[in-house]
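Okay, so here's the structure we're looking at.
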Amino acid sequence: MRNQGAKIQFEMLTELRREAKPLSAYDLLARLNQRNGKLAPTTVYRALAVLVEQGQVHRVESINAFVACQCVGHPEASVLSICDDCGSVGEHRDDALLKDLSALTERSGFSPSRCVVEVRGLCTLCSAELMS
Ligand SMILES: [Zn+2]
Ligand SMILES: [Zn+2]
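For what it's worth, the numbering used here labels the leading residue of the sequence shown as 38, then goes sequentially.
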């Protein structure tokens, strides 16, 4: 079962990519259990941690859930937009903005390690629906 971790990571990524909305660790565990029979939660959570570490999956901190990365691998964090209506999450990249945020806190002697920027509102589809 040496490759079980890799298999779980692959299935997890597939689930997250298929889903337009973020999934919680618990949702992922339930879905993977459906495919594989009962997995140890630690196996699933470890696979999730690896994917987050690799940047293939992003954690949406404010709702404690996970989305597949929508760009091609990037070292800097991204800005996530979360739709209050349908729950979809969009990903936006602006490395200069994140550097500015770090610099802003550094000015008061703070040592930033990472930025989390999440913007709430309505996605394109939901705001179009509101207009019509
Ligand atoms: Zn990303
Ligand atoms: Zn929406």
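C-beta: ideal position from N, C-alpha, C; glycine also. Note that the coordinates shown come from a computational prediction; the quantities given were computed from them, not determined experimentally.
Asked, Found
"Opposing strand residues paired with G158 [DSSP bridges]", "C120"
"Residue ranges of each beta strand (DSSP E) within the region 48–109, 3 or longer", "94–97 and 102–105"
"Extent of the continuous beta strand (DSSP E) run through E143", "Premise fails: E143 lies in the alpha helix (DSSP H), D132 to E143, not in any beta strand (DSSP E)."
"Given L53 as reference, the closest of R96, A140 and A77 once Cα atoms are compared", "R96"
"Residues of its chain near S164, where Cβ-Cβ distance is below 6 angstroms and the 5 sequence neighbours each way are ignored", "none"
"Sequence-distant residues of its chain with Cβ nearer than 7 angstroms to H129 (five each side left out)", "S115, V116 and S118"
"Inter-stretch contact (C-beta, 8 angstroms, three-pair minimum) for the region 101–113 and the region 79–93", "yes"
"Inter-residue spacing [alpha-carbon to alpha-carbon] between Q41 and E48", "11 angstroms"
"Simplified DSSP state of E128, which is helix, strand or coil", "strand"
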